[in-house]
Amino acid sequence: MEPEHARKRGHSRAHDLVSSLTQQILLGTFKPGDKLPSENTLVREHGVSRTVVREALSKLQASGLVEPRHGIGTFVMERQAQAGLRVAAESAANVRDLLELRIGLEGQAAALAALRRDEGHLARMRQALDDYQDLAAAGDSCIEADRRFHLLIAEATGNLYFTEMLLQLGNGLIPRNRMAQAERAGAKLARQAYLANLEHEAILNAIRRQDPDAARAAVCLHLSNSRDRLLPD
């Protein structure tokens, strides 16, 4: 009979693998219709046994995220629309309320990310900010890179509910996506992008240093400043 501690360790590793794959599916790394890596690849990349991989895939299937196809592999399923948080960030009041919510949620996410991040998380955050800076310098929209950076912080917590909550916000995650185009044009937008990027860098540096208090404070400052930049009155 397998020792109790060995069973618990196996379940913990399966849970970690489920969380990792779920995050990648929710973030779109694996899109609907994509084939997941083979069992052998998952064993090698995650350093777990084939039993752990099969348990993790079974849990993903039970959650409705993937489906096995005999003799072919395991594929990501289309996610069904679910009733959830409705965000209507069309007015200044709604933008303000949404940012207040994000300060609490993302401040805690950043603190946990600082404690739990690995080098892969840091590399992807760095790439998101590099993309943000390049787009800002070219005068293009930074919204996708901005959104990606915040979602990557949620991913680094290892807690899929942070990612789920941010995904529920949809386009409302970056409020200026819903502000009047005239308010987002020209030199004003470039200045806002520059200031936001400095704040993003402070968040990433705190997460890199594994300083949860500094990471939380940096996110709170960034989102508070974002509120003031969007809603100066």
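Throughout the sequence shown, residue numbering follows full-length UniProt numbering, covering 1 to 233 in sequence. The beta carbon of each residue, even a glycine, is placed where N, CA and C say it ideally should be.
Three-state class that DSSP yields for residue i in the structure shown
i	result
T22	helix
K59	helix
A111	helix
V52	helix
S141	coil
A180	Any answer about A180 is weak, because its pLDDT of 47 lies below 50 and its placement is not dependable; what the coordinates show is given next. In the structure shown, A180 sits in coil (DSSP, three-state: anything other than H, G, I, E or B).
L105	helix
L27	coil
T41	helix
A83	Note on A83: pLDDT 49, under 50, position unreliable in the model; the coordinate value appears next. In this structure, A83 counts as coil in the three-state DSSP scheme.
R216	helix
Counterpart residues of residue i in DSSP-defined beta bridges
i	result
G73	R69
K35	F75
Best match in the options for proximity to residue i [C-alpha to C-alpha]
i	options	result
V95	L169, G73, M77, Q210	L169
Y194	T157, G139, R216	G139
L65	D131, H150, L36	L36
H222	A114, G33, A110	A110
L204	R191, A218, Q192	A218
A196	L167, D228, L105	D228
N29	A214, Q210, R148, S224	The sequence as given places Thr at residue 29; Asn does not occur at that position. Of the candidates A214, Q210, R148, S224, the one whose C-alpha sits nearest the C-alpha of T29 is R148.
Beta-carbon proximity of residue i to residue j, cut-off 8 Å
i	j	result
L101	A128	no
A156	R216	no
E67	R50	no
I103	C220	yes
G158	S19	yes
V53	L42	yes
I25	A113	no
Residue i, enclosing alpha helix (DSSP H) - first and last residue
i	result
Q210	First-last for Q210: undefined, no H or E at that position.
G120	119-137
L166	160-169
Short CB-CB distance (under 8 Å) between residue i and chain B
i	result
T22	Here there is only one protein chain, and chain B is not present.
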